[in-house]
Amino acid sequence: MNATTGSSDSTTAGPALVVAILGAESTGKTWLAQSLAQHLTERARLRATWVPETLRAWCDAQGRTPRAEEQQAIAQAHHAAIDEAAGHHDVVLCDTTAAMTATYSRLLFDDGSLDGYAAGVHRRVAVTLVTALDLPWVADGLQRDGPQVREPVDASLRAWLDAHRLAWHRVQGHGEARMQHALHLLQPALRNRWPALALS
Numbered sequence: 001m002n003a004t005t006g007s008s009d010s011t012t013a014g015p016a017l018v019v020a021i022l023g024a025e026s027t028g029k030t031w032l033a034q035s036l037a038q039h040l041t042e043r044a045r046l047r048a049t050w051v052p053e054t055l056r057a058w059c060d061a062q063g064r065t066p067r068a069e070e071q072q073a074i075a076q077a078h079h080a081a082i083d084e085a086a087g088h089h090d091v092v093l094c095d096t097t098a099a100m101t102a103t104y105s106r107l108l109f110d111d112g113s114l115d116g117y118a119a120g121v122h123r124r125v126a127v128t129l130v131t132a133l134d135l136p137w138v139a140d141g142l143q144r145d146g147p148q149v150r151e152p153v154d155a156s157l158r159a160w161l162d163a164h165r166l167a168w169h170r171v172q173g174h175g176e177a178r179m180q181h182a183l184h185l186l187q188p189a190l191r192n193r194w195p196a197l198a199l200s
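Mapped onto the working numbering, the consecutive letters of the sequence shown carry residue numbers 1 to 200.
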């Protein structure tokens, strides 16, 4: 697991604050998860980490994208990694959740069988950030289908979250501005857990 960790005198005992970063392909999810984990470790002195997307490692290992019947096992493995990280950190930034698996399963395979599982595990998430389509599309091996799929994926994801009454926030901007916007959106949840936290 790629992880950024640190220690903090400001932390209190309790479950980790889990943050989901969702979005269509090539919208900066991995960069944002890494950047937020690093910022919260170095500036806020929290024990923060990010959990990389299990699907990426699976595709790299198998040399292909998964079939419909393989989707659930990948989603379950990803959430096992999230749960493991949550046991040792204050904040866990998730590079996707099963919400994305369910979204792609519907779009690619017309399969809604993962909806119940995905909604159930996603309810453990404290904050959901959905990345905007304001970054240029970049090719990235097996996982990228092309810029033409981003709008349908984005619309389907937002509809899925709304249908399951899962609150979410849109993250926009380029580079540092994107991370600062995400921090602004995370601030209420962070302040609620750690009132004296310094985020700047």
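No residue lacks a Cβ here, since even glycine has one placed at the ideal position from N, Cα and C.
Just verifying my parser: in three-state terms, what is the DSSP assignment at Thr49? Reading the sequence shown from its first residue, position 49 is the one you call residue 49. Here Thr49 sits in strand by DSSP.
Count the other C-beta atoms from every protein chain shown that fall within 10 angstroms of the C-beta of Val138, then say buried if there are 16 or more, exposed otherwise. For the purposes of this step, residue 138 is taken as the residue at position 138 of the sequence shown. Classification of Val138: exposed, given that the 10 Å Cβ count is below 16.
For Asn192 and Gly63, I'd like the C-alpha separation in whole angstroms. In the sequence shown, counting from the first residue as 1, residue 192 sits at position 192. In the sequence shown, counting from the first residue as 1, residue 63 sits at position 63. Between Asn192 and Gly63, the C-alpha separation is close to 43 Å.
Note the first and the last residue of the continuous alpha helix (DSSP H) segment covering Leu186. Position 186 of the sequence shown, counted from the start, is the residue given in the question as residue 186. Looking at the DSSP string, the run of the alpha helix (DSSP H) that includes Leu186 is Glu176 to Arg193.
Sequence-distant residues of the same chain with beta carbon closer than 6 Å to Val203, five excluded per side: A question about residue 203 goes unanswered here, because the residues of the chain that appear run from 1 up to 200.
Between which residues of its own chain and Asp115 is the CB-CB distance below 7 Å, once the five residues before and five after are set aside? Translated into the one-based positions of the sequence shown, residue 115 becomes position 115. Excluding positions up to five away in sequence, the list reads Ala102.
Please report the distance separating the alpha-carbon of Thr65 from that of Cys59. Taking the first residue of the sequence shown as position 1, residue 65 is located at position 65. Taking the first residue of the sequence shown as position 1, residue 59 is located at position 59. Thr65 and Cys59 have their C-alpha atoms spaced approximately 5 Å apart.
Distance CB(Asp154)-CB(Ala33) smaller than 8 Å: Translated into positions along the sequence shown, residue 154 becomes position 154. Translated into positions along the sequence shown, residue 33 becomes position 33. The answer is no: Cβ separation not under 8 Å.
Please return the same chain residues whose Cβ sits closer than 6 Å to the Cβ of Thr131, not counting the five positions on each side in sequence. By 1-based counting over the sequence shown, the position of residue 131 is 131. Scanning its chain for C-beta atoms nearer than 6 Å, with the 5 sequence neighbours on each side dropped, one finds around Thr131 the residues Gly23, Thr27, Gly28, Lys29 and Val171, in chain order.
Unbroken beta strand (DSSP E) run spanning Arg170, endpoints: Position 170 of the sequence shown, counting from 1, holds the residue named residue 170. Run containing Arg170: His169 to Val171, per the beta strand (DSSP E) assignment.
Leu197 and Asp90: beta carbons closer than 8 Å? Position 197 of the sequence shown, counted from the first residue, corresponds to residue 197. Position 90 of the sequence shown, counted from the first residue, corresponds to residue 90. No.
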